[in-house]
Amino acid sequence: MCLFCEIAAGTIPSKKAYEDETVVAFYDIAPQAPVHVLIIPRKHIESAQVLTETENALLCHMFEVARSLAVELGVAESGYRLITNVGPDAGQSVPHLHLHLIGGKTLNWNN
Ligand code: AMP
C-alpha cells in the first residue's frame, strides 16, 4: 500500500485536519509555512496526470475541503496556495494525488 493510502487507512499515524468518506486532510510532516496541510482522496490516484471525468465530483470535493480548511485555519482572508506536484521535475515525492494547502505567510513564487 502506498504511504498516503496507509495514512488514509490510519495504519500510519498522522495529525488529521479533516476526514470523511472520500477525502482525508492531514498536517504535512515537514511544513513549508505556518499552515501546511495535505488534502488527499482515499482512492489511490497516482497524480493529476491520470485524472478522468470519473473523478470530477471527487476533485471538486477536494477543493471544497481545502476552502473550508482555509477558513478554519485562518488563512482564507490572508490568502493561501493550493499546489499539486506532478512527476519528478515538479518534485512529486509521494505518488498519490494530493493538494498542498500552504499559507500563513507571504509566499514567494519559487516556494
Ligand atoms: P510532494 O513532494 O508534492 O509529493 O509532497 C509530499 C509531501 O508529503 C511532502 O511535503 C512531505 O513532507 C509530506 N509527507 C511525507 N511523509 C509524510 C507523513 N508521514 N506525514 C505527513 N506528511 C508527509
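The opening position of the sequence shown corresponds to residue 1472 in this note's numbering, with each subsequent residue numbered one higher.
The C-beta atom is built at its ideal place from N, Cα and C for all residues, glycine as well.
- The residue from 1526, 1543 and 1549 with its alpha-carbon nearest to that of residue 1568 is 1526.
- A heavy atom of the ligand AMP is found nearer than 7 Å to the CB of residue 1563.
- For residue 1561, the three-state secondary structure derived from DSSP is helix.
- For residue 1570, the closest of 1505, 1523 and 1497 by C-alpha to C-alpha distance is 1497.
- Annotated three-state conformation of residue 1572 is strand, per DSSP.
- Rounded to whole angstroms, the gap between the alpha carbons of residue 1499 and residue 1509 is 6 Å.
- Classified as exposed, residue 1564 has fewer than 16 neighbouring CB atoms from the shown chains inside 10 Å of its CB.
- For the ligand AMP, a non-hydrogen atom lies closer than 7 Å to the CB of residue 1474.
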